[in-house]
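Q:
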Amino acid sequence: MLTTPAPVVGASVAEQSLRGNRLRRGLVPYGYLSPTVVLMVVLMLIPIVMVISYSVMDNVILKKSPKLVGFDNYTAILTNPTFATAVKNTLFFTLVSVAAHLVLGLTFALLLNTRLLSSRVKAFFRVLYVMPWLFTVAIIAILWRLLLSPNGIVNYLLEVTGLTGGQVEWLSTPDTALFAVTFINIWAGYPFFMISLLAGLQGIPRELNEAARVDGASVVKQFLFITLPQLRPIIISMAMLDFIWTTQQFALIWMTTGGGPINRTEMLSTFTYKLAFSRYQFALASTSAVIILVLSMIIAFFYVRHQKALE
Amino acid sequence: MSRVARAPRVVRSLLAAGMTIVLAAGCGGGGTEEQPGSSASGGEVTLEFAQWWEPELPANALRGLMDEFEAANPGVKVNLLSGPYASTKEQVFAGAAAGTMSDVVGLDGAWVSDFAKQGALADLSAMMNDASYDQSQLASQVKVDDKTYMIPVVNFVYPMFTNQDLLKKAGVTKVPTTRSEFAAAAEKVSKTGDNASGWILPLSLEAPNGIQNDVMSWLWASGGSMLADGKPALTTPQVKETVEYVKDLYDRKLIAPGSLTMKEQDKVEEFTNGRVGMMIDSLSHIKTIRETNPDLKFEISSIPAKDGYTGKRGIPYASWGIGISEASEHKAEAFKLVEFLMSKDTNSKLSSVANAFPGNTGSVPDFVASDEVMKTAFEIYKNSVPANEFTGLPVAEQLMRDFDEQLQVTLTGKQTVDEMLQKSQDAWVSDFAQ
Chain G
1 MLTTPAPVVG
11 ASVAEQSLRG
21 NRLRRGLVPY
31 GYLSPTVVLM
41 VVLMLIPIVM
51 VISYSVMDNV
61 ILKKSPKLVG
71 FDNYTAILTN
81 PTFATAVKNT
91 LFFTLVSVAA
101 HLVLGLTFAL
111 LLNTRLLSSR
121 VKAFFRVLYV
131 MPWLFTVAII
141 AILWRLLLSP
151 NGIVNYLLEV
161 TGLTGGQVEW
171 LSTPDTALFA
181 VTFINIWAGY
191 PFFMISLLAG
201 LQGIPRELNE
211 AARVDGASVV
221 KQFLFITLPQ
231 LRPIIISMAM
241 LDFIWTTQQF
251 ALIWMTTGGG
261 PINRTEMLST
271 FTYKLAFSRY
281 QFALASTSAV
291 IILVLSMIIA
301 FFYVRHQKAL
311 E
Chain X
312 MSRVARAPRV
322 VRSLLAAGMT
332 IVLAAGCGGG
342 GTEEQPGSSA
352 SGGEVTLEFA
362 QWWEPELPAN
372 ALRGLMDEFE
382 AANPGVKVNL
392 LSGPYASTKE
402 QVFAGAAAGT
412 MSDVVGLDGA
422 WVSDFAKQGA
432 LADLSAMMND
442 ASYDQSQLAS
452 QVKVDDKTYM
462 IPVVNFVYPM
472 FTNQDLLKKA
482 GVTKVPTTRS
492 EFAAAAEKVS
502 KTGDNASGWI
512 LPLSLEAPNG
522 IQNDVMSWLW
532 ASGGSMLADG
542 KPALTTPQVK
552 ETVEYVKDLY
562 DRKLIAPGSL
572 TMKEQDKVEE
582 FTNGRVGMMI
592 DSLSHIKTIR
602 ETNPDLKFEI
612 SSIPAKDGYT
622 GKRGIPYASW
632 GIGISEASEH
642 KAEAFKLVEF
652 LMSKDTNSKL
662 SSVANAFPGN
672 TGSVPDFVAS
682 DEVMKTAFEI
692 YKNSVPANEF
702 TGLPVAEQLM
712 RDFDEQLQVT
722 LTGKQTVDEM
732 LQKSQDAWVS
742 DFAQ
């Protein structure tokens, strides 16, 4: 019996269309992903790769044909005494800010979560406590510059109450400047912790506390063995995020002290900015930025690992 | 789902992705695809003019001048790119690096050296020679390696402002003209109580121009210099005397508190609010001071010189300068615009509306006849030598910041004046070598 080629052709056409279908179906997810991928590449990957490449060249941008200098820029930055000062200041500023944000945020969240006050009173305080977070950095900087100025309200109040002799230069005295900017940052950032922890507190089942009370646990014990463990995932996530954000704080420092007096409030961010836009040493600034990127990535790594562990 | 329905979905998603790429590419590459700055179509040339002047002038003042220029030069249009000083600075620096600088740019003397080294600015000396331009009418030119790159269009001088009420209250009858008279007056004002201070000195590291306007001005007023043959010379007796004088005022608490992080605007604010007896400041702030505190009685005078100095006094100034981009395709038309702005009549008009002194020696601004304070200022300007040694220096702002940092360490008593000057000298030498 003779076989006609027609069914074979039919089979191959069907196979082709099946393959085409599969290809199309395989491409669909990429099609959906592509807008995000393109944005990520254009806005993140390309700039990061450019900055890393700048960091191994001699003065880029200002020189028409910059040369490769290897790790010379890294040696220059890491041996720069101002960089060491900036690292120390940034660490102090960040650690104190994060710790204070946590303590204040938790305290206020507990106060706002109490059942002893009416909901109207709580709403009032909720608005009051969240205020610092509503201001932009520029407003915060101007506000505190005015408050802390030698002729400002803070000095007036301290003088009236007899605590200081008046006209203390909070932001201009080398001994107080770092404490002053850290204080401002604490004031500006605690509501973020407070809101998140309040949400966490409201999510703790009441039965847990009630059961503990029945078992005779004191308020302190309830806090230590029920509230804190329940809040732990939020606290760790928030602390890590706050750590990353605070190390990158630039605007507040720049608008209040500019890194001064001398270099008492110099942070990694202001140090990098000055290299780029005051010395026009874009290669060195890129190097400093890459070092900050690496440090941030280490923290980000722990953050992601922590998040994964939660899942 | 049927194949017919699925196919358009695939096409749609690919299309969406494609459009995103085009959009992203359009956003990212817009500046590089176009010709730098200008454009020419149908025989008409459009010049881009980037500056920070328009927002600081009365509405339509600069545009009005540009309309006059366009009427006088058919076929040439001017597109004004205006923004505040800081953003213009960033824009011009980015343009210089990317080769997309506007055809004509507003310049600050402190930027010129860096741009000239980058090759971003056109050599105006050659253009003036080619056009047989009469250079004697220009009050000043900013040169790097003997080539002019910037012409100051109008100048703002920095005399001494005195609060007459405070001085009177302190028993100072005559405005101080020497350093010792100034110190004595500052002491009397500081002793009046009410938290008033004799002098005010902004030393913020964020904007370290206090070094130029409020510290070095004392040196220049007495004919001193911080340079020798164009190189840093900070360890000289005259610089030492100046820094010691400032430190003495600081140690005696005659300077308003908060110096180390104070900015120029804080200085003006404190003076306007009547808390400071004397300050050195730009004439461009007169309008703000009068508007904010119409009751404040103030006078202006020359910056005091050291006792016994009889020579001409240097007076610090800041300029609105102008330059032409090396990348411009319409340099001839751009030079016409420069010529127009520097011409006697236009320069008179511009300096009148800007409350500044003209860059053309023949121009006379209107306010000299109508405003008593400005009349005095014009007298001071004519009897002094405009002095700003930072103009044309490399990384000028960084030089000020280096000096500022060392001065702050000295004022807080952590090093001697000699140590400070040696360290600043070393820092400047290394900045110059970059």
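Residue numbers (the numbering used here), protein chains in the order written: chain G, 1 to 311; chain X, 312 to 745. For every residue, glycine included, the Cβ atom is placed at its ideal position computed from N, Cα and C.
So that I know if they touch, is there some Cβ in chain G lying closer than 7 Å to that of residue 707 (chain X)?
A: Working through the second sequence from its first residue, we reach residue 707 (chain X) at position 396. Chain G contact via Cβ: absent.
Q: For chain B, find out if any of its Cβ atoms is closer than 7 Å to the Cβ of residue 169 (chain G); answer yes or no.
A: Among the chains of the structure shown, chain B does not appear; the protein chains present are G and X.
Q: Using the Cα positions of residue 473 (chain X) and residue 687 (chain X), report the straight-line distance between them to the nearest angstrom.
A: Start at 1 with the first residue of the second sequence, and residue 473 (chain X) comes out as number 162. Start at 1 with the first residue of the second sequence, and residue 687 (chain X) comes out as number 376. Going from the Cα of residue 473 (chain X) to the Cα of residue 687 (chain X) covers about 13 Å.
Q: Measuring only between beta-carbons, confirm whether residue 572 (chain X) sits less than 7 Å from chain G.
A: Taking the first residue of the second sequence as position 1, residue 572 (chain X) is located at position 261. Yes, residue 572 (chain X) lies at the interface with chain G (some Cβ there is under 7 Å from its Cβ).
Q: I'd like to know whether the C-beta of residue 580 (chain X) is nearer than 7 Å to at least one C-beta of chain G.
A: On the second sequence, residue 580 (chain X) is found 269 positions in, with the first residue counted as 1. No, its Cβ sits nowhere closer than 7 Å to a Cβ of chain G.
Q: If we count the other Cβ atoms within 10 Å of its Cβ and call it buried at 16 or more, is residue 105 (chain G) buried or exposed?
A: Counting from one through the first sequence, the residue named residue 105 (chain G) turns up at place 105. Its Cβ being crowded by 16 or more others within 10 Å, residue 105 (chain G) is buried.
Q: Going by CA-CA distance only, name the one from X:403, X:382, X:578 and X:643 that's closest to residue 361 (chain X).
A: Numbered from 1 along the second sequence, position 50 holds the residue referred to as residue 361 (chain X). Considering only alpha carbons, the answer is X:403.
Q: If you run the structure through DSSP and keep just helix, strand and coil, what is residue 506 (chain X)?
A: Here residue 506 (chain X) corresponds to residue number 195 of the second sequence, with the count starting at 1. Three-state result, residue 506 (chain X): coil.
Q: Is the separation between the beta-carbon of residue 424 (chain X) and that of residue 710 (chain X) shorter than 7 Å?
A: As a working note, residue 424 (chain X) is residue 113 in the second sequence. As a working note, residue 710 (chain X) is residue 399 in the second sequence. Going by C-beta atoms, residue 424 (chain X) is not nearer than 7 Å to residue 710 (chain X).
Q: Applying a beta-carbon distance threshold of less than 7 Å, which residues of chain X neighbour residue 174 (chain G)?
A: Here the question's residue 174 (chain G) lines up with position 174 in the first sequence. Going along chain X in sequence order, the residues near residue 174 (chain G) (Cβ under 7 Å) are 723.
Q: Pull out every residue of the segment 514-533 of chain X whose Cβ sits closer than 7 Å to any Cβ of chain G, in chain order.
A: Within the segment 514-533 of chain X, the qualifying residues are 515, 516 and 517.
Q: Helix, strand or coil for residue 309 (chain G)? Go by DSSP, reduced to three states.
A: Against the first sequence, residue 309 (chain G) aligns to sequence position 309. Residue state, collapsed to three classes: helix.
Q: Does the beta carbon of residue 62 (chain G) sit closer than 7 Å to a beta carbon anywhere in chain X?
A: Indexing the first sequence from 1 puts residue 62 (chain G) at position 62. It does; some Cβ of chain X falls within 7 Å.
Q: Measure the CB-CB distance between residue 181 (chain G) and residue 292 (chain G) and report whether it falls below 7 Å.
A: For this step, residue 181 (chain G) is matched to residue 181 along the first sequence. For this step, residue 292 (chain G) is matched to residue 292 along the first sequence. It is not a contact, given that the beta carbons lie outside the stated cut-off.
Q: I'd like to check one pair, residue 595 (chain X) with residue 678 (chain X): are the Cβ atoms closer than 7 Å?
A: Numbered from its first residue, the second sequence carries residue 678 (chain X) at position 367. Numbered from its first residue, the second sequence carries residue 595 (chain X) at position 284. No, Cβ-Cβ distance for residue 678 (chain X) and residue 595 (chain X) is not below 7 Å.
Q: Taking 8 Å as the threshold, find out whether the segment 118-132 of chain G comes into contact with the segment 538-552 of chain X through three or more Cβ pairs.
A: No, the segment 118-132 of chain G is not in contact with the segment 538-552 of chain X.
Q: In chain order, what residues of the same chain lie with their CB nearer than 6 Å to the CB of residue 553 (chain X), ignoring the 5 residues before and after it?
A: Your numbering for residue 553 (chain X) matches position 242 in the second sequence. Within the same chain, residue 553 (chain X) has close Cβ partners 529 and 530.
Q: What first and last residue would you give for the alpha helix (DSSP H) that runs through residue 531 (chain X)?
A: Counted from its first residue, the second sequence places residue 531 (chain X) at position 220. From DSSP, the alpha helix (DSSP H) with residue 531 (chain X) extends over 527-532.
Q: Run through chain X and tell me which residues come within less than 9 Å of residue 151 (chain G), C-beta to C-beta.
A: The residue given as residue 151 (chain G) occupies position 151 in the first sequence. Residues of chain X passing the Cβ test: 506, 567, 568, 569, 581, 584 and 586.
Q: Can you find at least 3 beta carbon pairs, one from the segment 49-57 of chain G and one from the segment 277-286 of chain G, that sit closer than 8 Å?
A: A contact exists between the segment 49-57 of chain G and the segment 277-286 of chain G.
Q: Under the rule that 16 or more other beta-carbon atoms within 10 Å means buried, what is residue 306 (chain G), buried or exposed?
A: Locating residue 306 (chain G) in the first sequence gives position 306, counting from the first residue. Under this definition residue 306 (chain G) is an exposed residue.
Q: Does any residue of chain X bring its CB to less than 7 Å from the CB of residue 257 (chain G)?
A: Here residue 257 (chain G) refers to the residue found at position 257 of the first sequence. Yes, because at least one Cβ of chain X sits closer than 7 Å to the Cβ of residue 257 (chain G).
Q: List the residues of chain X whose Cβ lies closer than 8 Å to the Cβ of residue 74 (chain G), in chain order.
A: Position 74 of the first sequence holds residue 74 (chain G). None at all; the shortest Cβ gap to chain X is about 19 Å.
Q: Counting pairs of beta carbons, one from the segment 202-217 of chain G and one from the segment 138-154 of chain G, are three or more of them closer than 8 Å?
A: Segments in contact, no.
Q: Which two residues bound the contiguous alpha helix (DSSP H) that contains residue 628 (chain X)?
A: Locating residue 628 (chain X) in the second sequence gives position 317, counting from the first residue. No alpha helix (DSSP H) contains residue 628 (chain X), which is instead part of the beta strand (DSSP E) from 628-635.
Q: Could you give the uninterrupted runs of the beta strand (DSSP E) lying entirely in the segment 458-527 of chain X, keeping only those of 3 residues or more?
A: List check, beta strand (DSSP E) in window: 458-468, 471-474 and 508-510.
Q: In the DSSP assignment, find the unbroken beta strand (DSSP E) run with residue 361 (chain X) in it and report its ends.
A: Position 50 of the second sequence, counted from the first residue, corresponds to residue 361 (chain X). First-last of the beta strand (DSSP E) with residue 361 (chain X): 355-362.
Q: Where does residue 280 (chain G) land, buried or exposed, given buried means 16+ other C-beta within 10 angstroms?
A: Here residue 280 (chain G) refers to the residue found at position 280 of the first sequence. Flag for residue 280 (chain G) reads buried.
Q: Among X:393, X:387 and X:385, whose alpha-carbon lies nearest the alpha-carbon of residue 370 (chain X)?
A: As a working note, residue 370 (chain X) is residue 59 in the second sequence. Ranking the options by Cα distance to residue 370 (chain X), first place goes to X:393.
Q: Looking at C-alpha atoms only, which residue of G:67, G:193, G:278 and G:218 is the closest neighbour of residue 242 (chain G)?
A: Translated into the one-based positions of the first sequence, residue 242 (chain G) becomes position 242. Ranking the options by Cα distance to residue 242 (chain G), first place goes to G:193.
Q: Put residue 663 (chain X) into one of helix, strand or coil per three-state DSSP.
A: Your numbering for residue 663 (chain X) matches position 352 in the second sequence. It is helical.
Q: How close, in whole Å, do the beta carbons of residue 648 (chain X) and residue 389 (chain X) come, if the pair is a contact with beta carbons under 8 Å?
A: For this step, residue 648 (chain X) is matched to residue 337 along the second sequence. For this step, residue 389 (chain X) is matched to residue 78 along the second sequence. Going by Cβ atoms, the distance from residue 648 (chain X) to residue 389 (chain X) rounds to 7 Å, so yes, they are a contact pair.
Q: Is the shortest distance between the beta-carbon of residue 734 (chain X) and the beta-carbons of chain G less than 7 Å?
A: As a working note, residue 734 (chain X) is residue 423 in the second sequence. By this cut-off, residue 734 (chain X) is not an interface position.
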